[in-house]
Amino acid sequence: MANMGDTGREEAAARRAPAPVVGEGRPCALAASVKRREAWAFLGHRGQPVDDRLAARLEEAAALCERELAPRGIFRVFPVRPGAGGVVVAGTSLVLPGESIARHLRGCEYAALMAVTLGPSSEMVLRREAAVSATGGMLADACASSLVEQAAGVLNEFVDEAAAQRGCAPTWRFSPGYGDLPLSVQGSFLEALDAGRTLGITLTAANMLVPSKSITAIVGFRDPDLRGE
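Taking this note's numbering, I'd label the letters of the sequence shown as residues 1 to 229.
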């Protein structure tokens, strides 16, 4: 039976314990919206004049995506260390090969694996819009791309909060396919997050994410006194 001193120490420890961070270890809804300028950029727009009718159609596509698509995400924090074949993500089967990710995680004791998706229903919505109109499908696709990018930014804020709770400074997020980090890590990456079950994300034979409007990324947690890249 604990004495009064033990009870006091337990209560003090509980008060010091950080509150759970949204999205850490369990999927969460992500309040995001389409960034119209970003959607235009996905369409190859570089500031040239836009027809009023086309602008109105993009606005309709953006509103449709915000209404019908529901961004969700999850992240988990793991110890990381250099090892044979690349950066080892402890407690998982994931090893991150390549010089790019090694530089990105240099000086990091922990890293967050994160995944964001617009969900399986997004594939149906985008196919529907493309079937109705090629232009409408293209506009919806660009707006959905912006929506998932903005959702990743929201989840990244929660990851940054988790880093701060550990007294660390977060790196920017680094995705499979960047630099020399191959897409072949995606299977082990999704397994580490249980993203198939929690978010419905799967892979094609070419290691492309399904739903296509999904993002995976790594954020390193670095000692704030160390300068990163």
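Ideal Cβ positions, reconstructed from N, Cα and C, are used throughout, including at glycine.
Just so you know, these numbers come straight off a predicted model, no measurement behind them.
- request: For F158, collect the residues of the same chain with a Cβ closer than 6 Å to its Cβ; drop the 5 residues on either side in sequence, then sort them by chain order.
  value: The residues are V21, V22 and G23.
message: F78 and A90 - do their beta-carbons sit closer together than 7 Å?
response: Yes, they are a contact pair.
task: Report the rounded CA-to-CA distance for R173 versus A62, giving the unit in angstroms.
output: Distance between the alpha carbons of R173 and A62: 25 Å.
field: Continuous alpha helix (DSSP H) stretch holding L113: start and end
entry: Counted as a single uninterrupted DSSP element, the stretch harbouring L113 is not any alpha helix (DSSP H) but the beta strand (DSSP E) occupying residues C108 to T117.
- request: Check whether the segment 45–61 touches the segment 87–103, taking contact to mean three or more Cβ pairs, one atom from each stretch, closer than 8 Å.
  value: Contact fails: fewer than three Cβ-Cβ distances are below 8 Å.
task: With distances taken Cα to Cα, identify the nearest neighbour of A217 among T202, P211, G177 and D223.
output: Of T202, P211, G177 and D223, the residue nearest in Cα terms is G177.
message: Less than 7 Å between C-beta atoms, sequence neighbours within five positions excluded: which residues of the same chain meet that for L193?
response: These residues qualify, in order along the chain: I74, R76, L113 and A115.
C-beta atoms of F189 and Y110 nearer than 7 Å: Against a cut-off of 7 Å, the Cβ pair of Y110 and F189 comes out as no contact.
task: Quick one: residues in its chain with C-beta nearer than 7 Å to the C-beta of S175, no 5 flanking neighbours on either side, listed in chain order?
output: Excluding sequence neighbours, S175 sits near I215, T216 and A217.
field: Nearest-angstrom Cβ-Cβ length linking A32 and L147, presumed shorter than 8 Å
entry: Contact between A32 and L147 holds: CB atoms are separated by about 6 Å, below the 8 Å threshold.
field: Opening and closing residue of the alpha helix (DSSP H) in which R80 lies
entry: Contrary to the premise, residue 80 reads as Val rather than Arg in this sequence. Bounds of any alpha helix (DSSP H) do not take in V80; it lies within the beta strand (DSSP E) bounded by R72 to G83.
CA-to-CA distance, G137 to A29, given in whole angstroms: In this model, A29 and G137 are separated by some 25 Å (Cα to Cα).
query: What residues in its chain sit with their C-beta under 8 Å from that of P211, if we drop five residues either side in the sequence?
result: T117, L118, G119, P120, S122, E123, G200 and I201.
message: Going by C-alpha to C-alpha distance, which of G187, S93 and G44 sits closest to A206?
response: Closest by alpha carbon: G187.
message: Pop quiz: K213 and A144 are said to be a contact at Cβ under 8 Å. What is the actual Cβ separation, rounded to whole angstroms?
response: Sure, about 5 Å apart at Cβ, within 8 Å.
- request: Could you check the C-alpha separation between R26 and R72 for me, to the nearest Å?
  value: Straight through space, the alpha carbons of R72 and R26 are spaced by roughly 10 Å.
query: Under a three-way DSSP split, which group does T216 fall into?
result: T216: strand per DSSP, three-state reduction.
Cβ-based burial, E191 [other Cβ within 10 Å; buried from 16]: Flag for E191 reads exposed.
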